[in-house]
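The UniProt record's numbering puts the last residue of the sequence shown at 200; the count rises by one with no breaks.
Glycine residues also receive a C-beta, built at the ideal position from the N, C-alpha and C atoms.
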Amino acid sequence: MSLPVYHYLDIGRLGRGEVLNLFLKDAGIEVKQVRYPMDATWPQQSETLKAQGISRTGKVPSLEYKGQILTQHIPTLRYLARDIGGYDGETNWERYVVDAVADIYIDWRSQWVANLGQKNPDYKDYVPGYYSLVAQYYSDYEGPYLLGDRVTYVDFAIYQSIDNDARTGTLPAELPDVLVRFKETFEQRPRIAEYIKQNS
1 MSLPVYHYLD IGRLGRGEVL NLFLKDAGIE VKQVRYPMDA TWPQQSETLK AQGISRTGKV
61 PSLEYKGQIL TQHIPTLRYL ARDIGGYDGE TNWERYVVDA VADIYIDWRS QWVANLGQKN
121 PDYKDYVPGY YSLVAQYYSD YEGPYLLGDR VTYVDFAIYQ SIDNDARTGT LPAELPDVLV
181 RFKETFEQRP RIAEYIKQNS
């Protein structure tokens, strides 16, 4: 049986594709990685991916998995969580909480991407409120993860937002304690720790 194929840009640990990459690492899902340079060749490569049916929008990440092509990183995470029977809430309420925080993350990502090229001054005002809101959800359970001691797919997205804001110099000077604890615990997950060590 052939390995799943993961398509993404060659931009290191930045971006939405890294959320999916971290999840695949943690879940022990081995994939063949195909990385594309983010340079003048990308627009043509994007059109090629559309023509090949690998991405309807021409954007990545895209995952060829069990005969399906999965795109859009949050729906892909949900699909994988359901497929492997983990990384999600166990009750309808818990699944709602996970999905609600995923929506908050998606809003953050839109703001973060808009800020990348233009250094929008509004982003500096936006980001502390984002982490404050996320921290409220993480405070509802004993932690360190959103649902307590069980990691869910959205934990990977929230970690990526913290990591990416740190990498772009846009992380608030003080992160809520509950998120500091979450980040430290997340980075100690064995497969994540090994990946970070190799790709810091």
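Task: Opposing strand residues paired with H7 [DSSP bridges] - done: Bridge pairing for H7: V34, S62 [DSSP].
Open item on the list: Under 8 Å, with one C-beta from each stretch per pair, do the stretch 79-98 and the stretch 160-167 reach the 3-pair mark?
Closed with: no
Task: Rounded distance between the beta-carbons of V31 and L22, thought under 8 Å - done: Not really, about 12 Å apart at Cβ, beyond 8 Å.
Task: Spatially closest choice to Y137 from P176, R109, G169, by CA coordinates - done: Its Cα nearest to that of Y137, the residue P176 stands out among P176, R109, G169.
- [ ] Starting from I74, trace the alpha helix (DSSP H) both ways and give me its first and last residue.
- [x] 73-84
TODO: Indicate the three-state DSSP secondary structure (helix, strand or coil) for D195 in the structure shown.
DONE: Inspection of the sequence shows that residue 195 is occupied by Tyr rather than by Asp. Three-state result, Y195: helix.
- [ ] Since I believe D26 is in contact with R189 (beta carbons under 8 Å), could you give me their beta-carbon distance rounded to a whole number of angstroms?
- [x] 6 Å
Task: Cβ shell of T185 (< 7 Å), same chain only, five flanking positions each side left out - done: Hits under 7 Å: P144.
Task: Outcome for P43 when other beta-carbon atoms lying within 10 angstroms are tallied against a minimum of 16 - done: So P43 ends up on the exposed side.
Task: Y96 to E90 span [Cα, whole Å] - done: 10 Å
- [ ] Classify E18 as buried or exposed, calling it buried when 16 or more other Cβ atoms lie within 10 Å of its own Cβ.
- [x] buried
TODO: Mind checking who Y145 pairs with in its DSSP beta bridge?
DONE: G148
- [ ] Please classify I69: does DSSP put it in a helix, a strand, or coil?
- [x] strand
Open item on the list: Once DSSP output is grouped into helix, strand and coil, what is the label at E90?
Closed with: If DSSP states are grouped into helix, strand and coil, E90 belongs with coil.
- [ ] Tell whether a beta-carbon distance below 8 Å holds between Y65 and P4.
- [x] yes
Open item on the list: So the candidates are P172, I74, V127; which of them puts its Cα closest to the Cα of G61?
Closed with: Looking at the sequence itself, residue 61 is Pro, so the reference to Gly does not match. Of the candidates P172, I74, V127, the one whose C-alpha sits nearest the C-alpha of P61 is I74.
Open item on the list: Give me the residue from V101, R167, Y105, P121 with the minimum Cα distance to D140.
Closed with: V101
Task: Cutoff 8 Å; reference K59; Cβ partners in own chain excluding five residues on either side - done: S46, T71
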